[in-house]
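Residue numbers (the working numbering), protein chains in the order written: chain A, 1 to 404; chain B, 405 to 808.
Number of protein chains: 2
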Amino acid sequence: MVGQSGGPTSAINATLAGVIDGAIESGEYEHVYGAVNGIEGLLSKRIVELEKTFNSDEMIKSLVRTPAMYLGSCRYKLPSLDVSSEQYERVFNIFEEYSITDFFYIGGNDSMDTAMKLSAYARKIGYDIHIIGVPKTIDNDLFGTDHTPGFGSAAKFAATSMREIVYDSMIYNKKSVTIVEIMGRNAGWLTAATALARMDGLRAPHLVYLPEVPFDKDKFIDSINELFKTQRNIIVAVSEGVKDTNGNYLDHENLNEDEFGNVLHSGTGKVLEQLVLCKIGCKVRSVELNVLQRCAMHIASKTDLDESFNVGKAAVNAALAGNSDVMMCLKRVRGGDVYKCAVEYENIESVANFEKTVPLEWISESGDDIKQPLYDYIKPLIQGEVTVSYDDGLPSYLDVSHLL
Amino acid sequence: MVGQSGGPTSAINATLAGVIDGAIESGEYEHVYGAVNGIEGLLSKRIVELEKTFNSDEMIKSLVRTPAMYLGSCRYKLPSLDVSSEQYERVFNIFEEYSITDFFYIGGNDSMDTAMKLSAYARKIGYDIHIIGVPKTIDNDLFGTDHTPGFGSAAKFAATSMREIVYDSMIYNKKSVTIVEIMGRNAGWLTAATALARMDGLRAPHLVYLPEVPFDKDKFIDSINELFKTQRNIIVAVSEGVKDTNGNYLDHENLNEDEFGNVLHSGTGKVLEQLVLCKIGCKVRSVELNVLQRCAMHIASKTDLDESFNVGKAAVNAALAGNSDVMMCLKRVRGGDVYKCAVEYENIESVANFEKTVPLEWISESGDDIKQPLYDYIKPLIQGEVTVSYDDGLPSYLDVSHLL
Chain A
1 MVGQSGGPTS AINATLAGVI DGAIESGEYE HVYGAVNGIE GLLSKRIVEL EKTFNSDEMI
61 KSLVRTPAMY LGSCRYKLPS LDVSSEQYER VFNIFEEYSI TDFFYIGGND SMDTAMKLSA
121 YARKIGYDIH IIGVPKTIDN DLFGTDHTPG FGSAAKFAAT SMREIVYDSM IYNKKSVTIV
181 EIMGRNAGWL TAATALARMD GLRAPHLVYL PEVPFDKDKF IDSINELFKT QRNIIVAVSE
241 GVKDTNGNYL DHENLNEDEF GNVLHSGTGK VLEQLVLCKI GCKVRSVELN VLQRCAMHIA
301 SKTDLDESFN VGKAAVNAAL AGNSDVMMCL KRVRGGDVYK CAVEYENIES VANFEKTVPL
361 EWISESGDDI KQPLYDYIKP LIQGEVTVSY DDGLPSYLDV SHLL
Chain B
405 MVGQSGGPTS AINATLAGVI DGAIESGEYE HVYGAVNGIE GLLSKRIVEL EKTFNSDEMI
465 KSLVRTPAMY LGSCRYKLPS LDVSSEQYER VFNIFEEYSI TDFFYIGGND SMDTAMKLSA
525 YARKIGYDIH IIGVPKTIDN DLFGTDHTPG FGSAAKFAAT SMREIVYDSM IYNKKSVTIV
585 EIMGRNAGWL TAATALARMD GLRAPHLVYL PEVPFDKDKF IDSINELFKT QRNIIVAVSE
645 GVKDTNGNYL DHENLNEDEF GNVLHSGTGK VLEQLVLCKI GCKVRSVELN VLQRCAMHIA
705 SKTDLDESFN VGKAAVNAAL AGNSDVMMCL KRVRGGDVYK CAVEYENIES VANFEKTVPL
765 EWISESGDDI KQPLYDYIKP LIQGEVTVSY DDGLPSYLDV SHLL
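What follows is the structure in structure tokens.
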């Protein structure tokens, strides 16, 4: 059985495709079940038989190239086992009913927490099952893996969009500031990726602000004024999650929380837009890349989709080799000129619930740019283009009306 | 001489490429000059020699596939000739100095106004020059042409993004409203294009609001509540320019104006987001497609780029045939199963300064959807994909550092 959880990425269906393909290819399984809407749907027995739908290379390939989550998702937190065991019992009764031997949970930090809790319960009741966490997130904030499946495609979209926005912003012979707000709660990986949009002779974005460094509003205005001495059109990349020097989110007057207590941002770019308007008074615009960062399949990274598929397949092999309580991970092969990543796994307890942020030594001392090692880290992950199918002028994706 | 003006589109450089290619191919010109930053730059003699840079098919092709405006733009309004003739004299002195015989001005409504004023002045002083307006705008709001170069690419981006946002919005088993705000001051063509994202079995966007119809907030909330009886995730497409039943923009408390007195919007989606939150209280998100609508070359329409190039070439032929005071236009060939458009021209005075909005008979009686003829009108314009070159994982566009 396989499920998806957390926020979407352009690559999470590639991982699902890898799990299905690996499972069918192994010949070791009678059925490959999908839990619709993750653990939440599993509790209501919303289960589909995947081996029937994905019985051809063509269908597997279509799944790889369909954005968001074919099985749907949830943001559902299992209660601590000390508080209540009722839901655990229900999950394992369903596992038993369907003769589930292996459970693959594709998701981010919160999903790894769920996988870990299920593993602990299985050990407690002596239920023989292999539980494998399979990482994904555009945020790239998981420990134990060189990077997360899904990050490369989001990075490619963000850097491509940034380059196009730079072209758009340069056309008027008039001072302007364009602020591009990028996703990333506490980790600035995706914001950093927009720096790859720079070209010879065109060093935009000029300022790049990650949440790892406190954001100083006065210094920001000073930097813009300084840049205006040599530039006409200034481009700023800013993470939604930057905090001011008092530790408050810039948009702290306008925040909501999701069910995991994660803070939902809106408006960091707008706050800075108003600040520039008040303090400098020039033309200013803010652009929020928004959800397209996690679903713009039409500009996905081939490297990312290939790796995501391989991680899914390797997860099946890891389960068949008798592993459990592990999270699959990518290990970059050091040395050599060519980028290479191997798929391995780590004990899930050692990686779940920790956030991997950008190392401070990869951020410039001025706090408004990234350093070369961070470029070099991201660059291989956005390589290669994906040919999606087009039908009547629009990308043709798999029907997901079973989620309705 | 050729210049670009107004807002960017993904296709305006294709038209510029068409003009350059047509001019060189004709063998009738000694030089092909470009006015940098349109009429405003021309007044300061910011002139480049284009035939030197674009001396190969490869360079012409690269220009076609570079977004925004290679020559830069302006939003500059020539004073009425009654008020002052100083700037007109300056322009024509420069025309004389450079022996300009033909002037091509690529732009939208405001640019056609400029072309018309220059034509009138030329006639007045008896200066022999052919002045040709060449249309472009993502808004598709120009009279005299079946559609505008640039609209098809913007429509393809908007519909593609809409489809991907629909996939993104469906993953949670939880009621939600997603509001997508699309550009378009007074004309809803681009917002209408997002309806093409619908698929068999997936009728999202569910509600489509164009500025041609007054927006009733109470009816909007009623429609969402009604849809929630049969749908879980509701997608709304709304034009930035919708007005309430009192004739006020929804975001009328937060408006700016540009130099032409055009109203600059921000926040129609945010206003509706707050409204849904207050009145319904479900999960709600607004997404502003923002400037990517006019610069996302990586998902441009091949039909649009081809037509835009052809319009530029035809403009040169029109000038060489002795025409002046005309705007180039596309005429859809009626009858037959296959879409076909011819390039013709119209007297510029008969088309400039009029806005072409969506005919009310192409909008549903309920005011929240489009009718079949509008689908049929837009569909051919988004056909065909463009292969941009990629370098190190990102689209490779022509160097525009001359605009710095």
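Every residue, glycine too, gets a C-beta built ideally from N, C-alpha and C. This one's a predicted model, so the numbers in the text were calculated from it and none came from an experiment.
Proximity winner among the options, relative to residue i (alpha-carbon distances)
i                 : options                                   : result
Arg198 of chain A : B:Asp796, B:Met405, B:Val406 and B:Leu807 : B:Asp796
Ile39 of chain A  : A:Met116, A:Ile280, A:Ile24 and A:Lys371  : A:Met116
Leu16 of chain A  : A:Ser80, A:Pro395, A:Leu289 and A:Arg65   : A:Arg65
Pro615 of chain B : B:Ala427, B:Gln635, B:Ile639 and B:Gly588 : B:Gly588
Trp362 of chain A : A:Ile378, A:Lys61 and A:Ser350            : A:Ile378
Val358 of chain A : A:Tyr105, A:Ile370, A:Ala237 and A:Glu181 : A:Ile370
Gly6 of chain A   : A:Ile138, A:Val236, A:Asp128 and A:Ala122 : A:Ile138
Asp486 of chain B : B:Leu631, B:Ala524 and B:Arg479           : B:Ala524
Asn652 of chain B : B:Glu677, B:Leu631, B:Arg450 and B:Val617 : B:Val617
Phe54 of chain A  : A:Ile20, A:Pro149 and A:Ala155            : A:Ile20
Glu159 of chain A : A:Ile182, A:Thr178, A:Gly201 and A:Ile348 : According to the sequence shown, residue 159 of chain A is Ala rather than Glu. That would be A:Ile182, whose Cα lies nearest to the Cα of Ala159 of chain A.
Thr598 of chain B : B:Leu606, B:Lys633, B:Glu750 and B:Ala559 : B:Ala559
Ala700 of chain B : B:His610, B:Thr505, B:Thr413 and B:Met405 : B:Thr413
Ser366 of chain A : A:Gly34, A:Phe220 and A:Cys282            : A:Phe220
Ile24 of chain A  : A:Arg46, A:Val36 and A:Ser56              : A:Ser56
Asp368 of chain A : A:Asp128, A:Ser84, A:Glu28 and A:Ile235   : A:Ile235
Gly673 of chain B : B:Met732, B:Val581, B:Thr634 and B:Asn751 : B:Val581
C-beta neighbour in chain A for residue i, strict 8 Å
i                 : result
Ala562 of chain B : no
Asn441 of chain B : yes
Chain-ordered neighbours of residue i on chain A, where CB pairs are closer than 7 Å
i                 : result
Glu789 of chain B : Tyr390
Within chain A, partners of residue i - CB distance below 8 Å
i                 : result
Ser565 of chain B : Leu292 and Ala296
Leu606 of chain B : Asp399, Val400, Ser401 and Leu404
Cutoff 7 Å; reference residue i; Cβ partners in own chain excluding five residues on either side
i                 : result
Phe215 of chain A : Tyr209, Val242, Lys243, Asp244 and Leu250
Glu789 of chain B : Lys706
Leu696 of chain B : Phe561
His410 of chain A : Chain A is shown from 1 up to 404; residue 410 of chain A falls before or after that span and cannot be answered.
Ala746 of chain B : Lys735 and Val737
Ser239 of chain A : Ile182, Gly184, Gly188, Thr191, Tyr209, Leu210 and Pro211
Ala68 of chain A  : Pro8 and Cys295
Contact with chain B by residue i, beta-carbon distance below 8 Å
i                 : result
Ser119 of chain A : no
Ala197 of chain A : yes
Arg90 of chain A  : no
Arg232 of chain A : yes
Pro8 of chain A   : yes
Lys379 of chain A : yes
Where residue i meets chain E, residues with beta-carbon distance less than 7 Å
i                 : result
Ala558 of chain B : Among the protein chains of the structure shown, namely A and B, there is no chain E.
9 Å Cβ cut-off: residues of chain A touching residue i
i                 : result
Asp550 of chain B : Ordered by position in chain A, no residue passes the 9 Å Cβ test against Asp550 of chain B, which lies about 17 Å from the chain.
Tyr801 of chain B : Arg163, Glu164, Tyr167 and Met199
Glu692 of chain B : Val287, Glu288 and Asn290
Ile786 of chain B : Asp392, Gly393 and Leu394
Partners in chain B for residue i, counting only beta-carbon separations shorter than 8 Å
i                 : result
Met170 of chain A : Ala472, Gly476, Val804, Leu807 and Leu808
Glu40 of chain A  : Asn577
Asn140 of chain A : Within 8 Å Cβ-Cβ: nothing; Asn140 of chain A doesn't reach chain B, min ~16 Å.
Contact set between residue i and chain B, taken where Cβ atoms lie within less than 9 Å
i                 : result
Ser301 of chain A : Gly797
Sequence-distant residues of the same chain with beta carbon closer than 6 Å to residue i, five excluded per side
i                 : result
Leu118 of chain A : Ile131
Asn13 of chain A  : Leu63, Thr66 and Tyr70
Gln383 of chain A : Thr303
heavy atom of the ligand SAM below 7 Å from residue i C-beta
i                 : result
Leu778 of chain B : Annotation note on the ligand SAM: not contained in the displayed structure, which lists no ligands.
Chain B contact residues for residue i, given Cβ-Cβ distances below 7 Å
i                 : result
Lys219 of chain A : Per Cβ cutoff of 7 Å: no residues; Lys219 of chain A is ~24 Å from chain B at best.
Exercise. Touching or not, the region 297 to 309 of chain A and the region 88 to 99 of chain A, by the rule of three or more beta carbon pairs under 8 Å?
Worked result: no
Problem set entry | Three or more C-beta pairs below 8 Å linking the region 537 to 544 of chain B and the region 568 to 577 of chain B | no
For this session: Spell out a yes or no on whether the region 108 to 115 of chain A and the region 346 to 359 of chain A are touching, meaning 3 or more CB-CB pairs, one atom from each, closer than 8 Å.
Result: yes
Exercise. Taking one C-beta from the region 276 to 294 of chain A and one from the region 675 to 695 of chain B each time, how about it: are there three or more such pairs within less than 8 Å?
Worked result: yes
Exercise. With contact counted as at least three CB pairs below 8 Å, one residue from each stretch, are the region 312 to 323 of chain A and the region 719 to 739 of chain B in contact?
Worked result: no
Exercise. Within the chosen definition, does the region 176 to 193 of chain A reach the region 325 to 345 of chain A through at least 3 CB pairs nearer than 8 Å?
Worked result: no
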